[in-house]
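Heads up, the thing below is written out as structure tokens.
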Amino acid sequence: MNKQKRKAVIAGNWKMNNTPTEAGLLLEALIPGVQGADCEVVVCVPFTDLCNVVAKCAGTNVHVGAQNVHFEKSGAYTGEVSADMLVDLGVEYVVIGHSERRQYFAETDETVNKRTLAALNAGLKPIVCVGESLTQREQGVTEELVRMQVKIALKDVTEEQVKNVIIAYEPIWAIGTGRTATSDQAQEVCAAIRKVVGELYGEAVAEGMTIQYGGSMNPGNAAELLAKPDVDGGLIGGASLHAGKFCEIVDAATKG
């Protein structure tokens with residue numbers, strides 16, 4: 412990563428884990444371990460944890476994110492949560508378009524775009540996920556697919572707004588499988604993402620964008636991945652549920 416041009420962001424995606432009580436206990440172990448971090452530290456937690464987590468993180472360097480957001484401001488959308496609701500709670504970030512949302516809950520590139528716009532218009536910072544399946548990688552269409560996902564996700568996003576967007580490259584075949592893209596594979600796709608952002612918004616904007624790698628990043632491989640010039644952080648799944656492991660990844664980003 413290039414710390415002169417952009418800030419590394421290590422974001423933990425807790426997925427559907429931790430009750431509010433469990434969240435508090437995890438943060439009590441995590442917060443002291445990251446207080447000197449020279450990177451942005453974010454925890455993206457279930458909706459039910461948000462109130463407790465925002466309160467626990469107040470006055471610390473740990474920022475809070477949600478894991479999804481609806482694209483309408485209000486209305487007859489039972490079970491959904493709007494961007495304004497998240498902002499009112501004190502949430503700063505939101506994960507959009509995670510492969511699990513696409514796979515299990517019918518998210519599409521178009522709804523990812525709508526959610527991204529809603530988040531930005533409310534003042535949230537979206538972490539937009541893109542990535543290919545194993546079949547798509549084997550078919551040799553990774554770059555074309557990721558370019559398409561990025562272009563659709565950023566449709567109608569202004570140059571000023573895009574400065575608050577993080578893109579997370581998450582190869583679907585490496586999420587929760589223990590398999591990790593090699594550092595060279597991660598670099599190749601993150602560089603392709605930066606290239607398409609440059610085509611859309613200019614080189615200066617692209618050079619300032621944080622592009623994360625997500626897909627079984629852990630203490631053992633974080634330093635190698637983060638050493639790549641276009642890998643600016645990580646969207647961390649399983650390792651974010653363990654304070655010690657998460658702190659080690661944050662430490663790798665601080666030293667990198």
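Per this note's numbering, the sequence shown starts with residue 412, numbered consecutively. Don't be surprised by glycine CBs; every beta carbon is placed ideally from N, CA and C.
Asked	Found
To which residues of the same chain is glutamate 491 closer than 7 Å at the C-beta, ignoring the five residues directly before and after it?	His481
Since I believe isoleucine 583 is in contact with serine 510 (beta carbons under 8 Å), could you give me their beta-carbon distance rounded to a whole number of angstroms?	5 Å
Take the Cβ of methionine 407 as the centre, count every other Cβ of all protein chains shown within 10 Å, and call the residue buried at 16 or more, exposed below.	Because the chain spans 412 through 667 in this model, residue 407 falls outside it and cannot be assessed.
Measuring straight from C-alpha to C-alpha, what distance separates leucine 646 and tryptophan 425?	10 Å
Check whether the region 607 to 618 touches the region 533 to 546, taking contact to mean three or more Cβ pairs, one atom from each stretch, closer than 8 Å.	no
Between which two residues does the beta strand (DSSP E) holding leucine 646 run?	644 to 647
Taking C-beta to C-beta, are arginine 417 and glycine 667 nearer than 8 Å?	no
At the level of alpha carbons, what is the spacing between leucine 438 and glycine 444?	10 Å
Report yes or no: do three or more beta-carbon pairs, one from the region 563 to 571 and one from the region 590 to 606, lie closer than 8 Å?	no
Need the endpoints of the alpha helix (DSSP H) that alanine 597 sits in, please.	594 to 612
Does the region 544 to 561 come close enough to the region 494 to 501 that 3 or more CB-CB pairs lie under 8 Å?	no
What's the C-alpha gap between leucine 384 and cysteine 658?	Residue 384 is absent from the model: the chain starts at 412 and stops at 667.
Which residue comes first and which comes last in the beta strand (DSSP E) that contains glycine 423?	420 to 424
Less than 8 Å between the beta carbons of glycine 625 and alanine 419, yes or no?	no
Relative to the alpha-carbon of tyrosine 504, which residue among Val473, Ala517 and Gly613 has its alpha-carbon at the smallest distance?	Val473
Taking 7 Å as the limit between beta carbons, can you name the residues of its chain near asparagine 413, skipping five residues before and five after?	Pro640
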